[in-house]
Amino acid sequence: MSQLLNVSSSPHVRDTVTTKSIMYDVLIAMLPAAAFGVYQFGFHALLVIGITMAACGLSEYVYESVLKKPITVMDGSALVTGMILALNMPADIPLWIPVLGGVFAIIVVKQLYGGLGQNFMNPALAGRCFLLISFAGKMSSFTLDGWSGPTPLAQLKSGQAVDVAAMFTGRIPGTIGEVSVIALLIGAAYMVAKKVISLRIPVTYILTTAVFVFLFGQQDLGFVAAHLCGGGLIFGAFFMATDYVTSPITPKGQIVFGVLLGILTGLFRLFGGSAEGVSYAIIISNMLVPLIEKFTLPTAFGKEGKKS
30 MSQLLNVSSS
40 PHVRDTVTTK
50 SIMYDVLIAM
60 LPAAAFGVYQ
70 FGFHALLVIG
80 ITMAACGLSE
90 YVYESVLKKP
100 ITVMDGSALV
110 TGMILALNMP
120 ADIPLWIPVL
130 GGVFAIIVVK
140 QLYGGLGQNF
150 MNPALAGRCF
160 LLISFAGKMS
170 SFTLDGWSGP
180 TPLAQLKSGQ
190 AVDVAAMFTG
200 RIPGTIGEVS
210 VIALLIGAAY
220 MVAKKVISLR
230 IPVTYILTTA
240 VFVFLFGQQD
250 LGFVAAHLCG
260 GGLIFGAFFM
270 ATDYVTSPIT
280 PKGQIVFGVL
290 LGILTGLFRL
300 FGGSAEGVSY
310 AIIISNMLVP
320 LIEKFTLPTA
330 FGKEGKKS
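Here the sequence shown is numbered in this note's numbering, starting from 30 and rising by one per residue.
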């Protein structure tokens, strides 16, 4: 033989993509939403973003240093957690609250379960839900141009009319990063172009929510559009539901996951006590991922089927 073939163990296909490169791509993708939030809500929103990210990074560094573990803060995962958590905060929230949420997300949800790749739910969303339960009043108080008022989803729930165009552009009260659908879609397009995420989960999630709201809410396209543009649906669909660790890896499982997310979000929004429901829908679905993967795992090639 003129050419020798090398036989080695898997993996046989390697890529230059690393955890660090993926995390920093996600950070870049969130910059449009973050920039719009700072532009709309002011300097305090920038402080919330910076301090929350710092709290998450420092929590990871201190925890790993004290327990003599490898320092992983430079992989960017803690910074992504911090930015997602910050963008889910009201702009005028007291700074100590997102700091507490960041410490909870990193230490309790991520590190105590083994670090990156071992957490059973999205750390940022777990931190946000912890804060929602602990400080409901401050976490649900939103201002715009100095005036406090309900979010469009809260207005919808009370039967009021909303401005869908304003919801799409972002001139509405809400959390720092969820208000501008345009900014979020720019970031989502970047992640799709960089192949950081696929569209399977977010598209299934959004379509299922739309169908659920149409069937069980109002058979009005304006009402459905308001639910799609309002709250954290777009942010959650592209930036949180697609988390590698807490979402299914099987194609069929991702479809099931997206459908489950849409149904839960619709249930919480239309029949729950709160106008929103994305955060709770995602973390509940996160916990069901092992079960989803169990039933959607394809049969191994060459494996015999059950004998009749």
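Quick reminder that beta carbons are idealized off the backbone N, C-alpha and C, glycines included. In this text the structure is predicted, and so the values were computed from the model without any measurement.
Local conformation of residue i per DSSP, three classes
{"i": "residue 119", "result": "strand"}
{"i": "residue 204", "result": "strand"}
{"i": "residue 173", "result": "strand"}
{"i": "residue 150", "result": "coil"}
{"i": "residue 46", "result": "coil"}
{"i": "residue 124", "result": "coil"}
{"i": "residue 300", "result": "helix"}
{"i": "residue 249", "result": "coil"}
{"i": "residue 272", "result": "coil"}
{"i": "residue 192", "result": "coil"}
Cβ neighbours of residue i in the same chain (closer than 7 Å, five flanking residues each side left out)
{"i": "residue 184", "result": "191"}
{"i": "residue 72", "result": "none"}
{"i": "residue 221", "result": "228"}
{"i": "residue 119", "result": "168, 170, 171 and 204"}
{"i": "residue 82", "result": "108, 111, 112 and 115"}
Whole-angstrom C-beta distance between residue j and residue i, which should lie under 8 Å
{"i": "residue 151", "j": "residue 311", "result": "6 Å"}
{"i": "residue 85", "j": "residue 131", "result": "4 Å"}
{"i": "residue 276", "j": "residue 318", "result": "6 Å"}
Nonlocal neighbours in the same chain, by C-beta distance under 6 Å from residue i, ignoring five residues either side
{"i": "residue 299", "result": "245 and 246"}
{"i": "residue 238", "result": "291, 294 and 295"}
{"i": "residue 90", "result": "102"}
C-beta contact flag for residue i and residue j at 8 Å
{"i": "residue 133", "j": "residue 111", "result": "no"}
{"i": "residue 261", "j": "residue 308", "result": "yes"}
{"i": "residue 230", "j": "residue 271", "result": "yes"}
{"i": "residue 58", "j": "residue 216", "result": "yes"}
Alpha-carbon spacing of residue i relative to residue j, whole angstroms
{"i": "residue 286", "j": "residue 306", "result": "16 Å"}
{"i": "residue 51", "j": "residue 159", "result": "27 Å"}
{"i": "residue 105", "j": "residue 248", "result": "43 Å"}
{"i": "residue 283", "j": "residue 123", "result": "37 Å"}
{"i": "residue 1", "j": "residue 328", "result": "As shown, the chain starts at 30 and ends at 337. That puts residue 1 outside it, with no answer to give."}
{"i": "residue 314", "j": "residue 269", "result": "12 Å"}
{"i": "residue 163", "j": "residue 69", "result": "27 Å"}
{"i": "residue 212", "j": "residue 196", "result": "12 Å"}
{"i": "residue 189", "j": "residue 63", "result": "29 Å"}
{"i": "residue 236", "j": "residue 256", "result": "11 Å"}
{"i": "residue 121", "j": "residue 200", "result": "16 Å"}
Proximity test, Cβ basis, 8 Å: residue i and chain C
{"i": "residue 148", "result": "Any reference to chain C falls outside this structure, which holds one protein chain only."}
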